[in-house]
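**Q**
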Amino acid sequence: MKKIRFAVVGLGHRGRHMARMAADVFDFTEFVAACDLDPLLWNETQWMQTEPLKNIYPDTEFHTDYIEMLEKHELDFVFIETGADVHADFCIQALNRNINVFSDIPSVACLAEADLLWKAEQASQARLMTGANPNEWGFINALVDLYNRGLLGEPYYMEAEYIHAYRKNSEGSKQLTVHSPWRKRLQPISYCTHSLGPLLRIMKEVFRYAICVGTGKHIDPEAEKDDMQTAIFQTESGVTVRLLRNGTCRTYIGNHSYRVFGTKGYFERLDYRSANRPSVVHFQSTELYGATEMTELPIGMMPVEYLENPKAAGHGGADYALLDHMFAAYLRGDKEFPITLRDGLAMTLPGIYAVKSAKLGGQKLTIHYPWEEEFTADIQLIDEI
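Residue 1065 in the working numbering is what sits at position 237 of the sequence shown, and the numbering runs on without skipping anything.
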């Protein structure tokens, strides 16, 4: 079998993790090149590593110039693992050279980038895979299965929360931000993809309206973002989602919780509250005998199909699932990857509109997308700060 040749740009903690998984776990890949502005990330031992990457991958060529890397090597994929505020241009440069892209979320930082990225993929012979690992979690797959079987009916109201406790001086916080200054300034609600992406899997429409408000700064006066932001997103037919995101929070609880109210059932995944209150998934349905009362489902983050696979790892096995599904689609010659650019923009752009809504004091805004005629008129209005 011909090796799938890949490169990675961005060697922070996430970039190192994804590059090593792609290189070490899949026997049909070749780690051709890596790129970062900081050579130390390649040449010296980093956080949660035992030795420098240059020692682990002596045949992989390191670059500090991204364009030079793209033009020098024959690549099948490039992994975009740069900061969350600068994904788009790296994706565009690869697509312009007909190189397939794996890009982390959020997909873009503004509407102008969304317009350029959408046009770049439309004109390219290559395609983009959105690295939305929450879409791959086992309990989300269970939600989708229950929905597809008609046991939930149609969702009409949903809730999600993505909460990270505030650990300003912890080692983890220091290491995650030393090469990722965007973490300190990115408005909480703009990082909505982990919450909206899974819910969009059971929705027939994209989000059309956004309303958002923030709390201001109470915990850390030096912070560059609200402590908390909450948004209401709604589709044209009225399906409503409330999302809570934090910039600063002293509550030590699990990160990801979801509640789905359907016309025939209810689903919830509540992340852990303490060592004595672990994560739990509940389900109720009027359509299934014995499930009219709340029923606990024994399913966690790991996708069921990988429970016996010792290679499955990363965010509860979701990172492995992302790469496994992407590589399988590529080898089959599929026209699209499992999580498309359109999917990525559908879960990213509502957050950009929500940030603008918060700046306008909670004004209700209408969301448009690059495949819609109205989108062009929104670019200046929404991107203007």
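Even for Gly, the Cβ is constructed at its ideal location relative to N, Cα and C. The structure presented is a predicted model; accordingly, all values stated were derived computationally and were not measured.
Looking at the structure shown, is E889 part of a helix, part of a strand, or coil, going by DSSP?
**A** Reduced to three states, the DSSP call for E889 is strand.
**Q** Taking G1144 as the reference, which of W965, L898 and P867 has the closest Cα?
**A** Per the Cα distances, W965.
**Q** Looking at F905 and N928, is the spacing between their C-beta atoms short of 7 Å?
**A** Going by C-beta atoms, N928 is nearer than 7 Å to F905.
**Q** Could you please give the first and the last residue of the uninterrupted alpha helix (DSSP H) stretch that includes Q953?
**A** From DSSP, Q953 is part of no alpha helix (DSSP H); its letter is neither H nor E.
**Q** Give the straight-line distance between the Cα atoms of K830 and A1140, rounded to the nearest whole angstrom.
**A** K830 and A1140: Cα-Cα distance of roughly 23 Å.
**Q** Starting from the C-beta of L865, find all residues in its chain whose C-beta is less than 7 Å away, skip the five residues before and the five after it, and write them out in chain order.
**A** The residues are T892.
**Q** Got a sec? Which residues, its chain only, sit under 6 Å from Y881 by beta carbon, not counting five neighbours each side?
**A** Inspection of the sequence shows that residue 881 is occupied by Leu rather than by Tyr. Closer than 6 Å at the Cβ level, and outside the excluded window around L881, lie W870.
**Q** Look at the alpha carbon of W875 and the alpha carbon of R844, and state the distance between them as a whole number of angstroms.
**A** When rounded, the distance between both Cα atoms is 10 Å.
**Q** Give every residue of the same chain whose Cβ lies closer than 7 Å to the Cβ of K1045, excluding the five residues on either side of it in the sequence, and list them in chain order.
**A** If we look at K1045 and ignore the five residues flanking it on each side, its Cβ neighbours are A1051, D1054 and D1055.
**Q** Mind listing, in chain order, the continuous beta strand (DSSP E) runs of no fewer than 3 residues lying wholly within the region 871–932?
**A** DSSP runs (the beta strand (DSSP E)) wholly in the region 871–932: 889–891, 905–908 and 928–932.
**Q** Taking Cβ to Cβ, would you say Q953 is nearer than 7 Å to N926?
**A** A contact, by the Cβ cut-off of 7 Å.
**Q** What residue ranges within the region 1086–1152 form continuous beta strand (DSSP E) runs of no fewer than 3 residues, ordered along the chain?
**A** The qualifying runs are 1093–1098, 1108–1113 and 1123–1125.
**Q** Out of Y1117, T1194 and I1081, which one is the CA nearest neighbour of Q1062?
**A** Q1062 has its Cα closest to that of T1194, out of Y1117, T1194 and I1081.
**Q** Taking F854 as the reference, give the member of L1159, P1198, T1168 and L956 with the closest Cα.
**A** It is L1159 whose Cα lies nearest to the Cα of F854.
**Q** In the DSSP assignment, what residue or residues form a beta bridge with F859?
**A** Per DSSP, F834.
**Q** Verify whether the separation of the beta carbon atoms of I1210 and L939 is less than 7 Å.
**A** Their beta carbons are under 7 Å apart, which means I1210 touches L939 by this criterion.
**Q** Going by CA-CA distance only, name the one from G981, S1018 and A1186 that's closest to I1030.
**A** Cα-wise, what sits closest to I1030 is G981.
**Q** Measuring alpha carbon to alpha carbon, tell me which residue in A862, T857, N1074 and D852 is nearest V837.
**A** Closest by alpha carbon: A862.
**Q** Short of 8 Å in beta carbon distance, which residues of its chain neighbour P1036, apart from the five on each side in sequence? Order them along the chain.
**A** According to the sequence as given, residue 1036 is Arg; it is not Pro. Hits under 8 Å: Q1062, T1063, E1064, T1194 and I1195.
**Q** Of all the options R1101, M1122 and L1151, which has the alpha carbon lying nearest to the alpha carbon of F1111?
**A** Out of R1101, M1122 and L1151, M1122 has the C-alpha closest to the C-alpha of F1111.
**Q** Just to confirm the assignment, what range does the alpha helix (DSSP H) spanning R842 have?
**A** Looking at the DSSP string, the run of the alpha helix (DSSP H) that includes R842 is H841 to D852.
**Q** Does the contact criterion of 3 or more C-beta pairs under 8 Å hold for the region 1016–1025 versus the region 932–946?
**A** Yes: at least three Cβ pairs fall under 8 Å.
**Q** Going by DSSP in three states, H1084 sits in which element: helix, strand or coil?
**A** Residue state, collapsed to three classes: strand.
**Q** Among Y975, H841 and A850, which has the Cα closest to the Cα of A1156?
**A** A1156 has its Cα closest to that of A850, out of Y975, H841 and A850.
**Q** I need the DSSP call for L1071, collapsed to helix, strand or coil.
**A** Strand at L1071.
**Q** Roughly how many angstroms separate the alpha carbons of D852 and Y984, rounded to a whole number?
**A** C-alpha separation (whole angstroms): 43 Å.
**Q** Measure how close the beta-carbons of R1097 and V1109 come, nearest whole angstrom, since I'm counting them as under 8 Å.
**A** Going by Cβ atoms, the distance from R1097 to V1109 rounds to 5 Å, so yes, they are a contact pair.
**Q** From Y1134 to G1142, what distance separates their C-alpha atoms?
**A** When rounded, the distance between both Cα atoms is 12 Å.
**Q** Since N961 and D1147 are thought to touch, with beta carbons under 8 Å apart, how far apart are those beta carbons, to the nearest angstrom?
**A** About 6 Å; that satisfies the 8 Å criterion.
**Q** DSSP has T1021 in a bridge; who is on the other side?
**A** Looking at the DSSP assignment, T1021 forms no beta bridge with any residue, so it has no partner.
**Q** With a threshold of 7 Å on Cβ separation, who are the neighbours of L1116 within its own chain once the five nearest residues in sequence on each side are excluded?
**A** So the qualifying residues of the chain are L979.
**Q** Thinking C-alpha only, which one of C919, Y1086, D1162 and D1048 is nearest D1099?
**A** Ranking the options by Cα distance to D1099, first place goes to Y1086.
**Q** Helix, strand or coil for A1186, going by three-state DSSP, please let me know.
**A** Of the three classes helix, strand and coil, the one that applies to A1186 here is helix, per DSSP.
**Q** Roughly how many angstroms lie between the CA atoms of Q1208 and D1171, to the nearest whole one?
**A** Approximately 23 Å, taken between the alpha carbons.
**Q** Look at the alpha carbon of T1058 and the alpha carbon of G1128, and state the distance between them as a whole number of angstroms.
**A** So the two alpha carbons sit approximately 26 Å from each other.
**Q** Would you mind working out which of P1198, N1074 and C1040 sits nearest V1183, comparing C-alpha positions?
**A** Among P1198, N1074 and C1040, the Cα nearest to that of V1183 belongs to C1040.
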